[in-house]
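Participant:
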Amino acid sequence: MSTSFDLVPALDNLLVQTASTLDEFTDLFEPQTRSADERFGDFQANGVLPFAKRMGKNPRELAQKLIDALPGSDNWTVELAGPGFINFTLSPEFLLKWIGEHGPAENLKSAAQTAEHSKVVVDYSSPNTAKQMHVGHIRSTIIGESIARILAFQGHEIIRDNHLGDWGTQFGILLLAIKEEAVSLDNLGDDPIARLEDLYRQGNARIKEDEAALAQARQELVKLQDGDPGNLQLWEKIRDISMSSFLNIYELLDVRFDHALGESFYRDKVDDVYHGLTRHHICQEDDGALVVFHPEHKRFAKQPFIIRKSDGASNYATTDLATLSYRQKEWQAEQIIYVTDGRQRDHFEQLFLTAGKWFEAEEKTLPKLDHVWFGTILGDDNKAIKTRDGKPVKLIDLLEEAIKRAAEMVRQKNADLPQEEVKRRAEIIGLGAVKYADLSQDRTLDYVFSWEKMLAMQGNTAPYLQYAVARIHSIFRKMNRQPTDSFANARPPESDPERKLSRKLLFFPLALKQATRELKPHFLCTYLYELATEFSSFYNQEKVMVDEEEARELRLLLCASTQSVLLTGLGLLGIETLEEM
RNA sequence: GCUCCUGUAGUUCAAUGGAUAGAACAUUGGUCUCCGGAACCGAAGAUCUGGGUUCGACUCCCAGCGGGAGCGCCA
5 MSTSFDLVPA LDNLLVQTAS TLDEFTDLFE PQTRSADERF GDFQANGVLP FAKRMGKNPR
65 ELAQKLIDAL PGSDNWTVEL AGPGFINFTL SPEFLLKWIG EHGPAENLKS AAQTAEHSKV
125 VVDYSSPNTA KQMHVGHIRS TIIGESIARI LAFQGHEIIR DNHLGDWGTQ FGILLLAIKE
185 EAVSLDNLGD DPIARLEDLY RQGNARIKED EAALAQARQE LVKLQDGDPG NLQLWEKIRD
245 ISMSSFLNIY ELLDVRFDHA LGESFYRDKV DDVYHGLTRH HICQEDDGAL VVFHPEHKRF
305 AKQPFIIRKS DGASNYATTD LATLSYRQKE WQAEQIIYVT DGRQRDHFEQ LFLTAGKWFE
365 AEEKTLPKLD HVWFGTILGD DNKAIKTRDG KPVKLIDLLE EAIKRAAEMV RQKNADLPQE
425 EVKRRAEIIG LGAVKYADLS QDRTLDYVFS WEKMLAMQGN TAPYLQYAVA RIHSIFRKMN
485 RQPTDSFANA RPPESDPERK LSRKLLFFPL ALKQATRELK PHFLCTYLYE LATEFSSFYN
545 QEKVMVDEEE ARELRLLLCA STQSVLLTGL GLLGIETLEE M
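For the first sequence, the residue numbers in the working numbering are 5 to 585.
#1: Sorted by chain position, which residues of the same chain lie with C-beta nearer than 6 Å to T37's C-beta, five sequence neighbours on each side aside?
#2: So is A134 buried or exposed if we call it buried at 16+ other beta carbons inside 10 Å?
#3: Using a threshold of 8 Å, state whether the C-beta atoms of I381 and R143 are closer than that.
#4: Let me know the secondary structure DSSP gives T81 once reduced to three states.
#5: For R429, count neighbouring C-beta atoms within 10 Å of its own C-beta (all shown protein chains included) and say buried if the count is 16 or more, exposed if not.
#6: Only counting runs of 4 or more residues, tell me where the alpha helix (DSSP H) segments fall wholly within the region 375-447, in order along the chain.
#7: Quick one: give me the first and last residue of the beta strand (DSSP E) that I90 is part of.
#8: Look up L32 in the DSSP assignment and say whether it is helix, strand or coil.
#9: Taking 8 Å as the cut-off, decide whether the C-beta atoms of P487 and S541 are in contact.
#10: Out of G266, E83, S318, which one is the CA nearest neighbour of D275?
#11: Note the first and the last residue of the continuous alpha helix (DSSP H) segment covering E534.
#12: Count the other CB atoms, across all protein chains shown, that sit within 10 Å of the CB of E224; report buried if there are 16 or more and exposed otherwise.
#13: Are I154 and L576 closer than 8 Å when you measure CB to CB?
#14: Give me, in chain order, the residues of the same chain whose beta-carbon lies closer than 7 Å to that of H141; leave out the 5 immediate sequence neighbours on both sides.
#15: Counting only the same chain and skipping the five closest in sequence on each side, list residues whose C-beta sits under 8 Å from that of H138.
#16: For K306 and I341, I'd like the C-alpha separation in whole angstroms.
#17: If you count every other CB in all the chains shown that lies within 10 Å of the CB of E267, and 16 or more means buried, which is it?
#18: DSSP state of Y128, grouped into three classes?
#19: Can you say whether S249 is buried or exposed, counting buried as having 16 or more other CB atoms within 10 angstroms of its CB?
#20: Counting pairs of beta carbons, one from the region 102-116 and one from the region 507-527, are three or more of them closer than 8 Å?
#21: Just checking my contact of P501 with E546 at CB under 8 Å: how many whole Å lie between their CB atoms?
#22: I'd like to know whether the C-beta atoms of L532 and A519 end up nearer to each other than 8 Å.
#23: What does a CB cutoff of less than 6 Å around L218 pick up in its chain, not counting 5 residues either side in sequence?
#24: According to the neighbour-count rule (16 or more other Cβ atoms, all chains shown, within 10 Å of its Cβ), is M549 buried or exposed?
#25: Can you grab the Cα-Cα spacing for the pair G169 / S150, in whole Å?
#26: Starting from D275 and walking both ways along the alpha helix (DSSP H), at which residues does that stretch end?
#27: Sorted by chain position, which residues of the same chain lie with C-beta nearer than 7 Å to F309's C-beta, five sequence neighbours on each side aside?
#28: In chain order, what residues of the same chain lie with their CB nearer than 6 Å to the CB of I432, ignoring the 5 residues before and after it?
#29: Taking its Cβ as the centre, do 16 or more other Cβ atoms sit within 10 Å of K439, making it buried, or is it exposed?
#30: Pick from D350, E338, Q339: whose alpha carbon is nearest that of H301?
#31: Keeping to the same chain, check which residues put their C-beta closer than 8 Å to that of S495; ignore five residues upstream and five downstream.
#32: Where does T465 land, buried or exposed, given buried means 16+ other C-beta within 10 angstroms?
#33: Is it true that the CB of E120 sits closer than 8 Å to the CB of M504?
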């Protein structure tokens, strides 16, 4: 008989089944099984307490009845504790069995497959063309990529779409600046994207001080949107310059999109939005603009969703509606996940409400819509980092600095490593550190950008996790064994370190589930860090290379499984590992 | 003005209403002839304030104080 990958539903089931045979319980009983503090056991079920309360019964008595009725098992011991907790402690034999079955990487993946696979569009990164990405742009890219990987791992079909901001007001401003300065886009110097950004900044300053310039910027935008060949040509060049700068960063971050259908792609599709919403009386004219109100909503009854500006131009509400419609129609998307800054929450709430009404009126299936929002990266002044006026740290500079610092450490530890290899390792370590720094905290929190935080390599960081992986590789190398070997002669875990590491391995499915349910990768980070800590502690206390075969095989099995969970988990975060570092 | 988010050791973070709030950095004391010190073991240190709900509250509710965001033609 094989063991369940995720023991929580298994134990939940067992408890519900057993409760159904007892008169004292009804189907209102929910076991609420969860992982337990190691002082009390491996899993605990708390559900008897609220149930007993509801039924006006003594929780301890009720819990004891349930425990007495549980079928006997060699897999665990059960005991009543505290006011009515039911604690399960897994037997060493069971721990060994679970690890043997689920530990190898392929088994982790096959066990993690969900029953139903759906088609999910993940909309992330989405930088604006004509500006370079600064450190504030890292979150969408990294969080989005991790979420895409987490869902793909469980069998969902993922479409990664980079919804570039390539059709907004910024082009009016930029075109104005290009024309006023008579700049040639073929000759922008060594750092064309930086030059474009300077021009944009100049243009922005111009329109603030001069109304005529503002009017002209609007004109340039309208000309572009009307298909003026000159402006269109400039726009294409701007787009190319921007994309090559983005691709540079995506390559470093190991992020690849299936599509980069920016706002411009939808420019001929916005009329359908106007028609659809007008035909179904979802929108109305207001002060010359076309807007949507949601009378049933406390805020959006009065706060409009503007889908066409009074000058006739579309805006991001329009393209987002067109985009949503396209993804449903052309890709049969069943779910769409938008990864953006939390300041856009109102926008997405309005978008989802509007799309809901539109789709319902047209009798189309609305995909499940999720706005995965994250906190803002702040500057030292506690204000959001902005391109418009200041000069924030460029994302590429952050990444390069991370690689540089990691390279110094690699060189320090391996004096005669070839330059190529130093670079390879430094990229994996430095970029891993940056990614982990962002992913390891709850995405909804704002944080102040700091080099120290982003580039830390000690403590709760990616290099610490990578180090554990490298150490495990080293053990197998020294013993001339492979993590994929079979460890059939392993004995069950006995010692404290063996046991603690074993139980930690069993919690991987719980962390994965939580990260998936809340679309928050930091749950996975926390788990992986705890696992690595448990491993480091084990490593310090128990020697793996011992003569006694059964102990050695168990410890090798623990190493192999730890490594496969770490590799798998870090992979879901978009973080690579090394055999040596 | 309306709405939303947020307040946890010195600092940066964690904790599906559950048992003694968990880490990292910094401070500090140890471990080193070790299968890799990017490590391990220890010490000290925290839930903004006041009410309420609950068997049980960092978590939920109310009020206050502090920080931040959004709110008609930016995305």
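Glycine included, every Cβ here is placed at the ideal spot set by N, Cα and C.
Facilitator: Taking the coordinates as given:
#1: Looking up residue 37 in the first sequence gives position 33. The residues are V12, L15, D16, F47, A49.
#2: Against the first sequence, residue 134 aligns to sequence position 130. The residue in question, A134, is buried, as its Cβ has 16 or more Cβ neighbours within 10 Å.
#3: Taking the first residue of the first sequence as position 1, residue 381 is located at position 377. Taking the first residue of the first sequence as position 1, residue 143 is located at position 139. Yes.
#4: The residue given as residue 81 occupies position 77 in the first sequence. The answer is strand: DSSP assigns T81 an E or B state.
#5: By 1-based counting over the first sequence, the position of residue 429 is 425. When all chains shown are included, R429 counts as buried.
#6: Taking 4 residues as the shortest admissible run, the region 375-447 contains the following complete alpha helix (DSSP H) segments, listed from N- to C-terminal end: 399-417, 423-443.
#7: Stepping through the first sequence from its first residue, residue 90 is reached at position 86. It spans 89-94 - the beta strand (DSSP E) in which I90 sits, taken as one unbroken run.
#8: Translated into the one-based positions of the first sequence, residue 32 becomes position 28. Three-state result, L32: coil.
#9: Reading the first sequence from its first residue, position 483 is the one you call residue 487. Reading the first sequence from its first residue, position 537 is the one you call residue 541. With a cutoff of 8 Å on beta-carbon distance, P487 and S541 are scored as not near each other.
#10: Residue 275 sits at position 271 when you count from the first residue of the first sequence. Selected option, being the one with the closest Cα: S318.
#11: Numbered from its first residue, the first sequence carries residue 534 at position 530. From DSSP, the alpha helix (DSSP H) with E534 extends over 526-545.
#12: By one-based count along the first sequence, residue 224 stands at place 220. It counts as buried.
#13: Residue mapping note: residue 154 aligns to position 150 of the first sequence, counting from 1. Residue mapping note: residue 576 aligns to position 572 of the first sequence, counting from 1. Yes, these two residues count as a Cβ contact at 8 Å.
#14: Indexing the first sequence from 1 puts residue 141 at position 137. If we look at H141 and ignore the five residues flanking it on each side, its Cβ neighbours are P131, L399.
#15: Residue 138 sits at position 134 when you count from the first residue of the first sequence. Within the same chain, H138 has close Cβ partners I389, T391, P396, V397, K398, L399.
#16: By 1-based counting over the first sequence, the position of residue 306 is 302. By 1-based counting over the first sequence, the position of residue 341 is 337. Roughly 27 Å between the two C-alpha positions.
#17: Numbered from its first residue, the first sequence carries residue 267 at position 263. Burial call: buried.
#18: The residue labelled residue 128 in the question sits at position 124 within the first sequence. Correct three-state label for Y128: coil.
#19: Against the first sequence, residue 249 aligns to sequence position 245. By the neighbour-count criterion, in which 16 or more other beta carbons inside 10 Å mark a residue as buried, S249 falls on the buried side.
#20: Yes, they touch.
#21: For the purposes of this step, residue 501 is identified with residue 497 of the first sequence, where counting begins at 1. For the purposes of this step, residue 546 is identified with residue 542 of the first sequence, where counting begins at 1. The beta carbons of P501 and E546 sit about 5 Å from each other, so the pair counts as a contact at 8 Å.
#22: Indexing the first sequence from 1 puts residue 532 at position 528. Indexing the first sequence from 1 puts residue 519 at position 515. L532 is not a Cβ neighbour of A519, given a cutoff of 8 Å.
#23: The sequence position of residue 218 within the first sequence is 214, counting from 1. Within its own chain, the residues whose Cβ lies closer than 6 Å to the Cβ of L218, once the five positions on either side in sequence are excluded, are I211, listed in chain order.
#24: Numbered from 1 along the first sequence, position 545 holds the residue referred to as residue 549. Classification for M549: exposed.
#25: For this step, residue 169 is matched to residue 165 along the first sequence. For this step, residue 150 is matched to residue 146 along the first sequence. Whole-angstrom Cα-Cα distance: 22 Å.
#26: For the purposes of this step, residue 275 is taken as residue 271 along the first sequence, with counting starting at 1. Segment 274-283, the alpha helix (DSSP H) holding D275.
#27: Taking the first sequence and counting its residues from 1, the one referred to as residue 309 is at position 305. Excluding residues within five positions, the ones whose Cβ falls inside 7 Å are V295, V296, A321, Q354, T358.
#28: Mapped onto the first sequence, residue 432 falls at position 428. Excluding sequence positions up to five before and after I432, its CB lies within less than 6 Å of the CB of E580, L582, all in the same chain and listed in chain order.
#29: The residue given as residue 439 occupies position 435 in the first sequence. When all chains shown are included, K439 counts as buried.
#30: Counted from its first residue, the first sequence places residue 301 at position 297. Minimum Cα distance to H301 is reached at D350.
#31: Against the first sequence, residue 495 aligns to sequence position 491. According to the sequence provided, residue 495 is Arg. The question's Ser does not apply to it. Here the set comprises L100, E554, A555, E557, L558.
#32: As a working note, residue 465 is residue 461 in the first sequence. It counts as buried.
#33: Counting from 1 along the first sequence, the entry for residue 504 is found at position 500. Counting from 1 along the first sequence, the entry for residue 120 is found at position 116. Residue identity differs from the one stated: residue 504 is Lys in this sequence, not Met. For the pair K504 and E120, the CB atoms are not nearer than the 8 Å cut-off.
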